[in-house]
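A quick write-up on the structure given underneath.
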Amino acid sequence: MSEATHAAPLRTAVIGVGYLGRFHAQKYAQIAGSTLVGVVDANAEACAKVAAELGTKAVSDYRELFGAVDAVSLAVPTPLHHAIGCELLKNGIDVLIEKPIATTVAEARELVDLARTHKRILQVGHLERFNPAVLAAAERLQTPRFVESHRLAPFKQRGTDVSVVLDLMIHDIDLIQELVGTPIEHIDAVGATVFSGEIDIVNARLRFQGGCVVNTTASRISLKQERKIRIFQDDAYLSVDMQQKILTVIRKKDAAPVESPAQVSIEEQNFDQGDALLAEIEAFLKAVRERSTPVVTGEDGLRALETAMKITALVQPQAS
Numbered sequence: 001m002s003e004a005t006h007a008a009p010l011r012t013a014v015i016g017v018g019y020l021g022r023f024h025a026q027k028y029a030q031i032a033g034s035t036l037v038g039v040v041d042a043n044a045e046a047c048a049k050v051a052a053e054l055g056t057k058a059v060s061d062y063r064e065l066f067g068a069v070d071a072v073s074l075a076v077p078t079p080l081h082h083a084i085g086c087e088l089l090k091n092g093i094d095v096l097i098e099k100p101i102a103t104t105v106a107e108a109r110e111l112v113d114l115a116r117t118h119k120r121i122l123q124v125g126h127l128e129r130f131n132p133a134v135l136a137a138a139e140r141l142q143t144p145r146f147v148e149s150h151r152l153a154p155f156k157q158r159g160t161d162v163s164v165v166l167d168l169m170i171h172d173i174d175l176i177q178e179l180v181g182t183p184i185e186h187i188d189a190v191g192a193t194v195f196s197g198e199i200d201i202v203n204a205r206l207r208f209q210g211g212c213v214v215n216t217t218a219s220r221i222s223l224k225q226e227r228k229i230r231i232f233q234d235d236a237y238l239s240v241d242m243q244q245k246i247l248t249v250i251r252k253k254d255a256a257p258v259e260s261p262a263q264v265s266i267e268e269q270n271f272d273q274g275d276a277l278l279a280e281i282e283a284f285l286k287a288v289r290e291r292s293t294p295v296v297t298g299e300d301g302l303r304a305l306e307t308a309m310k311i312t313a314l315v316q317p318q319a320s
């Protein structure tokens, strides 16, 4: 029998049970090592509905959770992340905070510093880190030379309170920085405001120390949904379909120059759709229980936000 089975369940809660937060609450309710103490939302009707669905308590003020919970997911609108997150950390609560970590780099840095000062676990909800096709690709990587990513989505009103950089591209920014593993030396970016009052389509070119170049595009005005990343290294080309959970690896069979298709091997792996959010929350609770470093740290969230803000600053004047 595992150690987790013997340990008392962690007391958990979700603050913000809108579209995404409701899914968080469902996961906490189903995990064996978690007791969902309550859910919090400014919309009392929505909060009561989720609480009834999951057999937990609807809480009107997140401060009521102080002293009553060990760990929470914070899934409120991004502008509220900093104020609520700081209070939770100061009151001894471990936090899984949805991406982006905050709206400004200064706010993100304060959250990271508070987590360190108060010895709290701070994990950031960059979900693609738990995508099985991405995890498999990471195992095959050596030294990426060129990376291309596309994250395309049809227009929806939800999420348009921030630019497409903070809404969609930040997923790939986090992933790419983790996979390349060296600092960024230079950034170029272009973008446009099309349907919303914010930037709706962006293309950024990132040059990393060591020579790797990344071309990344995010759009929320496309006719189709697509989440793909292609990685080129000296001996292979890896294509990851993050939506369909497919990894394709194309490589030369020997050192000789390729003169026919027979000299190229193509390997395709299809992964179970799985449940990345469940894996993310289980990883968070494991870090809480073991007091270990989370898979996606507050520092990772800060790093992704810093890059996203640099891209936004380059694009903003062109989109006005």
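Numbering-wise (full-length UniProt numbering), the sequence shown opens with residue 1 and increments by one.
Backbone N, C-alpha and C fix where the C-beta goes; we use that ideal spot for every residue, glycine too.
If you draw a 10 Å sphere on the C-beta of Y19, you find fewer than 16 other C-beta atoms in it, and that means exposed. For G67, no pairing in a beta bridge is given by DSSP. Burial check for I266: the Cβ neighbour count within 10 Å stays below 16, so the residue is exposed.
Under the three-pair Cβ rule at 8 Å, the segment 235–252 does not count as touching the segment 179–195. Counting other Cβ atoms within 10 Å of its Cβ, N131 reaches 16 or more and is therefore classed as buried. Collapsing the DSSP output to three states places I311 in a helix. The beta carbon of C86 is closer than 7 Å to those of E110, L111 and L114 in its chain, skipping five residues each way along the sequence. Counting only runs of at least 4 residues, the segment 137–183 fully encloses the following alpha helix (DSSP H) elements, listed from N- to C-terminal order: 170–180. DSSP places D241 in no alpha helix (DSSP H) but in the uninterrupted beta strand (DSSP E) bounded by A236 to D241. A check of alpha carbon separations from A42 across K224, V50 and T35 identifies V50 as the nearest. With a beta-carbon spacing of about 6 Å, G33 and L10 fall inside the 8 Å limit used to define contacts. Straight-line measurement puts the Cα of K156 at about 18 Å from the Cα of T217. Nearest to V69 by alpha-carbon distance, out of T297, V288, Q316 and T293, is V288. Separation of D172 and V202 (C-alpha to C-alpha, rounded to the nearest whole angstrom) is 12 Å.
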